[in-house]
Each structure stands twice: as C-alpha cells, then as structure tokens.
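Written below as structure tokens is the structure these notes are about.
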Ligand SMILES: [Zn+2]
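Numbering (our numbering), first residue to last: 1 to 146.
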C-alpha cells in the first residue's frame, strides 16, 4: 500500500513523521498537529526525499496506515497489507531516489512474499484518501518492478 505523508503538510525533512509513527509527536509543536493527537498511526516503511528507507514496524506485524478501507472485497486492509509512506504531498513530484528505493524494496518484498498486489491509499479508501496523489508515476514504478 503506497502513501504519501509530510508533516506539517507540504514540508519535508523534519523529525515529525518519525515522531508520529513512534507515538511521540507533541500536539503543541505545530497547529496542524493538534488534530493528530491521540491518533494511532504507523507504517511499516518510510522513504525519505533522499531515498533513505526507514522501517518502523516488522512486516509480519500490523501497522496502522490504511484506516477504514477495502481492497478486492476485503475490508480492514491493515490486517493484510504492508504500508509504505513516501515523504511527499499530493501537489509535488516525488524525488528520483524515492522511486529507486521503492522499486528495490518492492523487489525484496516480492522475493520474500511472492507477487504483491500493489495499490495506493486512494484505491483502498476512495473519496476519503487521495494519496499517493497525481504526481505518483505508477507507470514508471510498475516498469521498474516488472
Ligand atoms: Zn495514506
């Protein structure tokens, strides 16, 4: 499951995504963060703008990235999906190294689990979620992992 995230929205490189996924984000650090207080969110992986890969949750454990969702008739996608966040936003292109890392990660996961059924957050929660957004180049990504 592919997402984008930036904290605060549209700003890259800060410590806040780490803090959000580790449950240590301080609601007072930015006005936007108050709305995130008490949310239980995490992802298995984050790919930063420079392509660095960060893992927060082991892939055999559940992460809380999908929310209310369904895919191919199955609800609660958190129960059976791996969440990968790209540091980004819906209105900004992703960085070159992010595609490289994502392709490498996908190949590693497919070597372990077999062919993955890959979707965006907007595919499993249409109307509610828009990420990874119009700038995510699916054709390029799929070509890199095929
Ligand atoms: Zn998402």
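Here a beta-carbon is modelled for each residue, glycine too, at the ideal position from N, C-alpha and C. Source: prediction; values computed, not measured.
For residue 123, the CB stays at least 7 Å from every heavy atom of ligand 1. Residue burial annotation: residue 121 is buried, with at least 16 other C-beta atoms found within 10 angstroms of its C-beta. Annotated three-state conformation of residue 135 is coil, per DSSP.
Counting only runs of 3 or more residues that sit fully inside the region 7–76, the beta strand (DSSP E) segments are 45–47, 53–55, in chain order. Under DSSP, residue 5 takes part in a beta bridge, and its partners are 87.
As DSSP reads the structure, residue 120 sits in a beta bridge with 2.
In summary, residue 115 is exposed, with fewer than 16 beta-carbon neighbours lying within 10 Å of its beta-carbon over all protein chains present. If the five residues before and after residue 129 are omitted, its C-beta is found closer than 7 Å to the C-beta atoms of 121, 122, all from its own chain and listed in chain order.
Contact annotation: residue 98 and residue 109 have beta-carbon atoms that are not nearer than 8 Å. Checking the 7 Å criterion, the Cβ of residue 131 is within range of a heavy atom belonging to ligand 1.
Relative to ligand 1, even the nearest heavy atom lies 7 Å or more away from the CB of residue 30. Relative to the Cα of residue 67, the nearest Cα in the group 59, 6, 76, 131 belongs to 76. Burial check for residue 59: the Cβ neighbour count within 10 Å stays below 16, so the residue is exposed. Residue 113 sits in a helix when the DSSP states are folded into three classes.
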